[in-house]
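Asks: Numbering (our numbering), first residue to last: 40 to 213. Each residue gets a CB set at the ideal place from its N, CA and C atoms; glycine is no exception. Note that the structure is a prediction, hence the values are computed from the model and not measured. Questions regarding the structure given below will be posed in turn.
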Ligand code: RP5
């Protein structure tokens with residue numbers, strides 16, 4: 040399931056999911072990385088079902104060339120915290136929507152990290168998936184002027200869309 044937006048370059052962002060069932064939501068994350076042409080990989084690695092693979096991934100992530108890890112998990116969502124414990128790379132956690140508790144379980148499991156090992160946690164579900172990608176771009180943009188300019192253009196585009204919507208509702212007669 041590993042894929043790169045720019046096949047010739049090694050991935051700098053990893054999207055790691057606790058289950059393939061998380062991918063429907065995390066496609067929103069991947070779409071942004073593809074749009075900005077950021078080399079990335081998508082992995083399924085479970086902290087509780089494959090703890091050995093979680094360990095191997097985290098301890099090798101920096102040497103592999105990764106700069107940011109995005110970790111998506113649901114329910115007792117410990118994946119992001121477990122990975123963050125084993126690397127000093129920035130780890131962004133995306134809490135998955137869940138059928139029983141709506142994702143509040145995932146959110147609290149992820150966001151309530153004890154002091155010392157941070158996980159930058161985004162919103163539950165698709166909004167969080169998208170924002171994790173944008174946040175990873177902001178981190179990469181600190182040392183990449185191309186990405187910084189692309190992010191500024193993205194924001195300018197959003198602004199234009201809101202202004203157009205504003206004009207549209209003001210002109211509406213219904
Ligand atoms: C977590 O358990 C995964 O991240 C997923 O959100 C949740 C349910 O996993 P499946 O039972 O669908 O594989 O580890």
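Per the DSSP calculation, residue 134 is bridged to which residue(s)?
Replies: Note: residue 134 sits in a beta bridge opposite 112.
Asks: Is there at least one non-hydrogen atom of ligand 2 closer than 8 Å to the beta-carbon of residue 200?
Replies: Annotation note on ligand 2: not contained in the displayed structure, which lists ligand 1 as its ligands.
Asks: Under 8 Å by Cβ, that's how I've got residue 104 and residue 149 pegged, so tell me the actual separation to the nearest angstrom.
Replies: Actually they are not in contact, since the Cβ atoms of residue 104 and residue 149 sit about 25 Å apart, beyond 8 Å.
Asks: Using 8 Å for Cβ pairs, my map puts residue 100 next to residue 118. What's the rounded Cβ distance?
Replies: Not quite, the Cβ-Cβ distance comes to about 13 Å (not below 8 Å), so this is no contact.
Asks: Do the stretch 44–61 and the stretch 152–166 make contact, defined as three or more Cβ pairs closer than 8 Å?
Replies: Touching, no, given that fewer than three Cβ pairs across the two stretches are closer than 8 Å.
Asks: Can you round the beta-carbon distance between residue 159 and residue 132 to whole angstroms, since I take them to be within the 8 Å contact cut?
Replies: Contact flag correct, Cβ pair sits at about 7 Å.
Asks: What I want to know is whether the C-beta of residue 29 ends up closer than 8 Å to one or more non-hydrogen atoms of ligand 1.
Replies: Residue numbering for the chain in the displayed model covers 40 to 213; residue 29 lies beyond these limits and cannot be assessed.
Asks: For residue 201, which three-state DSSP category applies?
Replies: Note: residue 201 maps to helix in three-state DSSP.
Asks: Anyone know if the C-beta pair for residue 172 and residue 71 falls short of 9 Å?
Replies: In this structure, residue 71 lies closer than 9 Å to residue 172 by Cβ.
Asks: Assuming residue 168 and residue 64 form a contact by the criterion Cβ under 8 Å, report the distance between their Cβ atoms to the nearest whole angstrom.
Replies: Residue 168 to residue 64, Cβ: 5 Å. Contact.
Asks: Nearest-angstrom Cα distance between residue 96 and residue 80?
Replies: Looking at the two C-alpha atoms, the distance is approximately 12 Å.
Asks: Mind checking residue 47: buried by the 16 CB within 10 Å criterion, or exposed?
Replies: So residue 47 ends up on the exposed side.
Asks: Mapping the DSSP letters down to three states, classify residue 208 as helix, strand or coil.
Replies: Helix at residue 208.
Asks: When DSSP labels each residue in this structure, what does residue 56 get in the three-state scheme?
Replies: Note: residue 56 maps to strand in three-state DSSP.
Asks: Identify which residue in 89, 115, 82 has its Cα closest to the Cα of residue 108.
Replies: Checked all of 89, 115, 82; the closest Cα to residue 108 is 82.
Asks: Is residue 141 near ligand 1, going by C-beta to nearest heavy atom under 8 Å?
Replies: Checking the Cβ of residue 141 against ligand 1 gives no.
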